[in-house]
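Asks: Numbering (this note's numbering), first residue to last: 1 to 102.
Note that CB positions come from ideal geometry on N, CA and C, so glycine has one too.
None of the values given here were measured: they were computed from a predicted structure.
Encoded as structure tokens, here's the structure I'll be asking about.
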């Protein structure tokens with residue numbers, strides 16, 4: 001609906017998340033090398049249940065939902081590259097689960 005949003009800009013004055021807060025993205029993948037996200041990725045904690053390794057980066061270009069969700073949640077921001085998430089100082093981990101035979 002037009003005009004409906006979280007008014008996040010006013011929140012940034014008092015809250016931006018912290019590295020002690022970890023947001024897990026469970027989806028079809030999370031591009032951990034993305035320029036807006038890589039600074040917030042908590043190294044060594046992500047997992048790809050489809051590929052069976054520690055890199056949840058999607059293998060297909062149409063599998064970008066998890067990366068988009070991570071951007072809304074915790075894109076680093078204020079880096080002249082792209083967007084700023086709701087909690088730009090929070091840490092991120094990705095679990096590529098959708099598409100796994102689990």
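(1) So, helix, strand or coil for residue 84, using DSSP?
(2) Tell me which residue opens and which closes the beta strand (DSSP E) that residue 8 is part of.
(3) Is residue 66 near residue 30, with beta carbons less than 8 Å apart?
(4) Rounding to the nearest angstrom, what Cα-Cα distance links residue 69 and residue 21 in this structure?
(5) May I ask which residues mark the beginning and end of the beta strand (DSSP E) holding residue 26?
(6) By Cβ distance below 8 Å, which residues in the same chain neighbour residue 51 in space, the five residues on each side in sequence not counted?
(7) Measuring straight from C-alpha to C-alpha, what distance separates residue 93 and residue 14?
Replies: Concretely, from the data shown:
(1) In this structure, residue 84 counts as strand in the three-state DSSP scheme.
(2) Note, residue 8: premise wrong, no beta strand (DSSP E); alpha helix (DSSP H) at 8 to 11.
(3) Going by C-beta atoms, residue 66 is nearer than 8 Å to residue 30.
(4) Whole-angstrom Cα-Cα distance: 16 Å.
(5) Per DSSP, residue 26 belongs to the beta strand (DSSP E) from 22 to 27.
(6) Closer than 8 Å at Cβ, skipping near neighbours: 59 and 96.
(7) When rounded, the distance between both Cα atoms is 24 Å.
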